[in-house]
Amino acid sequence: MTVPFVDLQKQYVSIKSEIDSALLSVFSAGQFIKGSSVSTFESSFKKLIGADYCIGTGNGTDSLFLSLKALGIGSGDEVLTPAFSWISSAEVISLTGAKPVFIDIEPLTFTMNPDLVEDKITKNTKAIILVHLFGSPANTNHVLSICKKYNLSLIEDCAQSHLSEENGKVAGTIGHVSAFSFYPTKNLGAYGDAGCLVTNDKVLAEVIRRLANHGALQKDDHRMEGLNSRMDELQAAILNVKINHLKTWNDLRIQHANSYDKLLDGVSEITTPARRPGTRHTFHAYVIRAKKRDELKKYLVEKGVETVIHYPKALTSLPVYQEMGFREKDFPIASRAQDEVLSLPIYPEISSGQIEYVCEMIKKFYKI
Ligand SMILES: *Cc1c(COP(=O)(O)O)cnc(C)c1O
């Protein structure tokens, strides 16, 4: 048997007629930028999430960057961000001219440890980027209370957490502004790059909309400099089809995660992913911690099972940040995670037979 890490073709086949006709209507309409598919998507997505405003963008990284720019963050400012994440949640800070300040994560949920935050706040701190990594909701209410105390903005990075929930609130509705990515493999994925921002702040929404479109809301109305970062019509048309399947697909991911949990129960060499009480983890990734991780990964390849390491290096261990002089012992949890994490295949279309096979092979490796 082979188990690929993701299988986007399988999903396409299941919605082929809907996707094909959505694309054909964009081709016939001949409007490829700033057309009705994007505005339809923006209004469906804000309804789905429960936010007042949604602005489509070119990708999730731009969404994060635009949120910082709209908040006026730049040179001399500091922004707190987790030590363990995808590089987007750090590089966008430096790109504004501000300084990323890294916070270690919690060992079970892989999200920023709120107890370490206050120590890192200085008079220059302006915002916190909180990442709901792997679909696991971060401790947002706790971090929000710190933001209120120090008058900081809270940006939620929801690239991996479409419709994750925390105490009944959808991820992306607790902070001041939230960034989403629709990279093809995300829980809601386009067939290319796309992203968006959501917020309840009318003024911020308008500034973001301008910044994403050369500073203009209408043609030639340039009130500031900005970027060209717009969701395009083809991607929006695809997302308008896929958004109707997101809840079902998330339910399937959760079912598959529960199956993995059950089948891997009792394998003492691995730790299965934790769910923070009162949250809905939407399993963008099913990340285990494994003893002899690299040998296990190699063994699984031989058995036809593809896995991925998210991430082989904590942000604080990446070459790009070496000049900041971090030591691994300053970020003990993130540094340990980089040596232990392994993401098993999880997507709505994976079969129970495939999941059973992956678990069988893991047990065989540990001679159970
Ligand atoms: C995917 C991702 C992003 C960036 O999204 P792109 O659309 O690829 O630019 C940002 N943060 C996290 C945590 C991500 O996983």
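Each residue of the sequence shown is one higher than the last, beginning at 114 in our numbering.
Ideal Cβ positions, reconstructed from N, Cα and C, are used throughout, including at glycine.
Less than 8 Å between the CB atoms is what I'm expecting for residue i and residue j, so what's the real figure, rounded?
i	j	result
Asp120	Tyr460	6 Å
Val454	Val400	5 Å
Gln451	Tyr424	7 Å
Cys167	Cys309	6 Å
Val205	Phe178	4 Å
Asn300	Thr395	6 Å
Arg343	Ala325	6 Å
His358	Gly339	So it is not a contact: roughly 33 Å between Cβ atoms.
Leu431	Phe215	In fact, because the Cβ distance is near 11 Å, the residues do not count as touching under 8 Å.
Leu483	Gln273	This structure cannot settle anything about residue 483, because the visible part of the chain is limited to 114 through 481.
Gly189	Asn237	6 Å
May I ask you to list the residues that DSSP assigns as paired with residue i?
i	result
His335	Ala329
Ile383	Ala403
Phe293	Cys309
Lys212	Glu191
Asn341	Asn326
Val116	Val418
Val72	Since the first and last residues shown for the chain are 114 and 481, residue 72 lies out of range.
Which residues in the same chain as residue i place their Cβ atom closer than 8 Å to its Cβ, once the five residues preceding and following it in sequence are excluded?
i	result
Val139	Phe145, Gly148, Ser150, Glu346, Leu347 and Ala350
Ser156	Cys167
Leu257	Leu267, Ile287 and Gly288
Ala183	Val290, Leu317, Val320, Ile321 and Leu324
Met474	Tyr412, Leu413, Lys416 and Val418
Among the residues of its own chain, which have a CB less than 7 Å from the CB of residue i, if the five just before and after it don't count?
i	result
Ile186	Val192, Thr209, Ala211, Lys239 and Ala240
Val421	Phe118 and Ser456
Lys476	Val380
Glu131	Val354
Thr384	Ile401 and Arg402
In chain order, what residues of the same chain have a beta carbon less than 6 Å from the beta carbon of residue i, not counting five sequence neighbours either side?
i	result
Ile446	Asp217, Ile218 and Pro220
Ser176	Thr170, Ala292, Gly308 and Leu310
Phe154	Ala349, Leu352 and Asn353
Ala135	Ala350 and Val354
Decide yes or no for the touch test of the segment 406-416 against the segment 285-304: beta carbon pairs closer than 8 Å, at least 3 of them. no
So, does the segment 232-251 touch the segment 277-285, judging by three or more C-beta pairs under 8 Å? yes
As an exercise, report each continuous beta strand (DSSP E) stretch of at least 3 residues that is fully enclosed by the segment 122-199, in chain order. 166-170 and 191-195
Could you tell me whether the segment 346-364 touches the segment 120-137, where touching means 3 or more Cβ pairs closer than 8 Å? yes
Minimum length 3: unbroken beta strand (DSSP E) runs contained in the segment 216-272: 238-244 and 266-270
Touch check for the segment 222-238 and the segment 189-204: three-plus C-beta pairs under 8 Å? yes
List, from N- to C-terminal side, the beta strand (DSSP E) runs of 3 residues or more that fit wholly inside the segment 449-476. 454-457
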